[in-house]
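Here the structure is laid out as structure tokens; the discussion comes afterwards.
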Amino acid sequence: MIEKCLFPAAGYGTRFLPATKAMPKEMLPIVNKPLIQYGVEEALEAGCTTMAIVTGRGKRSIEDHFDISYELEHQIQGTDKEEYLKELRQVMRECTFSYTRQNKMLGLGHAILTGESLIGNEAFAVILADDLCVNNNRGVLSQMIELYKRYKCSIVAIEEVDPKEVDKYGIIAGDMIEENVYRVNFMEEKPKVDKAPSNLAVIGRYILTPDIFDILRVTKPGKKGEIQITDALMEQAKNGRVLAYKFEGMRYDCGSIDGFVKATNALYAKMQ
Ligand code: G1P
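Mapping of the sequence shown onto numbering that gives the first Met the number 0: position 52 corresponds to residue 51, and the numbering continues sequentially without gaps.
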């Protein structure tokens, strides 16, 4: 029912320099798998089969990663190394990848609008690969799509954060309508710590209805002079068309060194 998942992947990853000087941050590995592949696997598990990736300059290796490397296939054919490619091969068999480039860094809202040509007029998912989500039973996107089937409106994933950290996130306020589900009536991008409406922070999983594109087209630059998806969602929220979902699972902020190391340790421990 939600067939396409958009991955904004044009950012520079400056927090990880020098590692990201010549390599996209989405290709940094957590143990032995690049961050973006975790996101793609989560989307596939949720039933998405088209991965729409908004890239930028210097991101070619993302496209190569999800394509066949004939030399490599030839090299490892019939060896025990084939095992390492099992998940990636499944992803490549079951998904279609499409790409477009964002050539100006005007914010997450702008990145999502850039992906419009890959999405068209249907509801879609968005994964920010920096936020790595792990759950034993159902992935976070899967949980959100189930909710979408019942409510047919935009949905953001949220978690409670330390009140001192609210200025790093989109923050929502809303009324609880069922366990772990809020109808959003206010949201603000990176509010000041003493002015935040709550400590419920949006993390990098969204389901968006396609009218978001028309809204984004007229959304003025907000925080940091960028076009913010939070501001566009606030327009939908005015009509009661946005839910916030407190998901089951663990999320690692792999856009920070601290979260990246925590994710690495946790996933390594899981492999043992
Ligand atoms: C973006 C969004 C923010 C959201 C966050 C989740 O911010 O603008 O609303 O809370 O992702 O990771 P960024 O991390 O790109 O600054």
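Even glycine gets a Cβ: it sits at the ideal position worked out from N, Cα and C.
Query, Result
"Y181 versus E159: straight-line alpha-carbon distance, rounded", "13 Å"
"Own chain, CB closer than 6 Å to Q142, minus 5 neighbours either side, in chain order", "F246"
"Which of helix, strand or coil DSSP assigns to E86", "helix"
"Ligand 1 heavy atom lying under 6 Å from the CB of G114", "no"
"Y69 burial status per 10 Å Cβ neighbour count (16 or more: buried)", "exposed"
"Contact check, D130 vs R250, beta carbons under 7 Å", "yes"
"CA-to-CA distance, I211 to C4, given in whole angstroms", "15 Å"
"According to DSSP, residues forming a beta bridge with K245", "I157"
"Alpha carbon of I67 to alpha carbon of H109, nearest angstrom", "31 Å"
"Limits of the alpha helix (DSSP H) - the one that M143 falls within", "V139 to Y150"
"Rounded separation between L207 and N264 - CA only", "32 Å"
"Contact set for V155: own chain, Cβ-Cβ below 6 Å, skip 5 residues either direction", "V201, Y205 and A243"
"For L16, the three-state DSSP class (helix, strand or coil)", "coil"
"Spatially closest choice to L13 from A262, I118, A268 and S255, by CA coordinates", "The sequence shown places Thr at residue 13, rather than the Leu named in the question. Ranking A262, I118, A268 and S255 by Cα distance to T13 puts S255 first."
"Residues that V192 bridges to, as DSSP identifies them", "According to DSSP, V192 bridges with nothing at all."
"Range of the contiguous alpha helix (DSSP H) that encloses F259", "I256 to M270"
"Own chain residues within Cβ distance below 7 Å of Y98, not counting five before or after", "I52, T54 and E62"
"Short Cβ contact (7 Å threshold) for F6 with I126", "yes"
"Distance, A236 Cα to I214 Cα", "12 Å"
"Where G203 sits in the DSSP three-state scheme", "strand"
"Closer than 6 Å: G169 CB and nearest ligand 1 heavy atom", "yes"
"Environment of G173 [buried if 16+ CB atoms lie within 10 Å]", "buried"
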